[in-house]
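Numbering (full-length UniProt numbering), first residue to last: 1 to 318. Below is one structure, written out as structure tokens, with a few remarks after it.
Structure representation (structure tokens):
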């Protein structure tokens, strides 16, 4: 079995490779060429364990991931875990990947693909709310998708912003990267906004005029009691695009507006429908992702194959 740690994964694939894997997964989902049981949530508040198996015609694997929100106060990653890949014909374990890094990479790529299709091609300013591990990769993949000139970041805990910007500048040395004192300032100065928080209250300002014409990608809010979007946003959009059907049962940013009548069920559409059209300038657009094991398996398979080609990773005897 081949074990791939964080460094191995980074050496094996490019950001473009991972984004192509995510786009492939979207098409597999659209064509229904997979079997993905409902993921198992084990909640011990405020923490969550997720068990996520998935099969396609040539991939079989499972991701086990833990989400411990309070780890931010311990200077530890919120997300940890592993991905196990099996031979589709024999069931034999063939690969094991660092689940935290794989999750950061593939979720960053989901956000990047979201930015690619939720925006006009000529956008130049990006805003990020949430400067955790996930926020870092959201910016990297967003900048792979579009030619941004300026990135504005905001985090509720101000002390974390300076170090976050320093890390980003190492990866994006030619990018103008600044911090905002308020989310209102960030929204005002950004055409595209990514939210990557575990907040229980909306992180975007509840201001229709400020939000009008913005292009928004929501990556946080993976539980019914979590919210990143304010009520006013839903009145500006024709549709909200989701990565998979069960998002409506998992995210407070879909459950609450549907229950309260802020949007109708018919307005909630799969993201693959957005991939078939061009977004116009001035249009307010919204993509909400909760993730799925299909992304993990397709991306993991690409990483595994590339690593084997390049002789990267550690071979383990079971």
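Cβ coordinates follow ideal geometry from the N, Cα and C atoms, glycine included. Here the structure is a predicted model, which is why all the values come from computation and not from measurement.
Among the options, the one whose alpha carbon lies nearest that of residue i
{"i": "residue 11", "options": "316, 312, 318 and 317", "result": "312"}
{"i": "residue 132", "options": "222, 195, 182 and 304", "result": "195"}
{"i": "residue 138", "options": "37, 42 and 220", "result": "220"}
{"i": "residue 25", "options": "310, 300 and 316", "result": "300"}
{"i": "residue 88", "options": "70, 58 and 102", "result": "58"}
{"i": "residue 188", "options": "153, 197, 171 and 277", "result": "153"}
{"i": "residue 73", "options": "157, 181, 2 and 31", "result": "157"}
Chain-order list of residues whose beta-carbon lies under 6 Å from that of residue i (same chain, five-residue window excluded)
{"i": "residue 255", "result": "224"}
{"i": "residue 251", "result": "221 and 290"}
{"i": "residue 80", "result": "66 and 100"}
{"i": "residue 34", "result": "28, 56 and 294"}
{"i": "residue 4", "result": "97, 307 and 313"}
{"i": "residue 216", "result": "193 and 286"}
{"i": "residue 51", "result": "40 and 64"}
Spatial neighbours of residue i in its chain, beta-carbon cut-off 8 Å, leaving aside the 5 residues before and after
{"i": "residue 280", "result": "120"}
{"i": "residue 175", "result": "143, 148, 149, 150, 151, 168 and 169"}
As assigned by DSSP and simplified to three states, the class of residue i
{"i": "residue 81", "result": "strand"}
{"i": "residue 59", "result": "coil"}
{"i": "residue 94", "result": "strand"}
{"i": "residue 47", "result": "strand"}
{"i": "residue 295", "result": "helix"}
{"i": "residue 278", "result": "coil"}
{"i": "residue 148", "result": "coil"}
Own chain partners of residue i with C-beta closer than 7 Å, once the 5 adjacent residues on each side are dropped
{"i": "residue 141", "result": "15, 19, 108, 109, 111 and 112"}
{"i": "residue 229", "result": "202, 204, 218 and 253"}
{"i": "residue 84", "result": "61, 62, 93 and 96"}
{"i": "residue 302", "result": "13, 17 and 21"}
Distance between residue j and residue i (C-alpha atoms, nearest Å)
{"i": "residue 135", "j": "residue 145", "result": "15 Å"}
{"i": "residue 159", "j": "residue 42", "result": "32 Å"}
{"i": "residue 296", "j": "residue 249", "result": "20 Å"}
{"i": "residue 45", "j": "residue 122", "result": "43 Å"}
{"i": "residue 234", "j": "residue 259", "result": "13 Å"}
3 or more residues per run - each beta strand (DSSP E) lying fully within the region 216-272: 240-242 and 268-270
Whole beta strand (DSSP E) runs in the region 162-219 with 3 or more residues, listed along the chain? 176-179, 192-195 and 215-218
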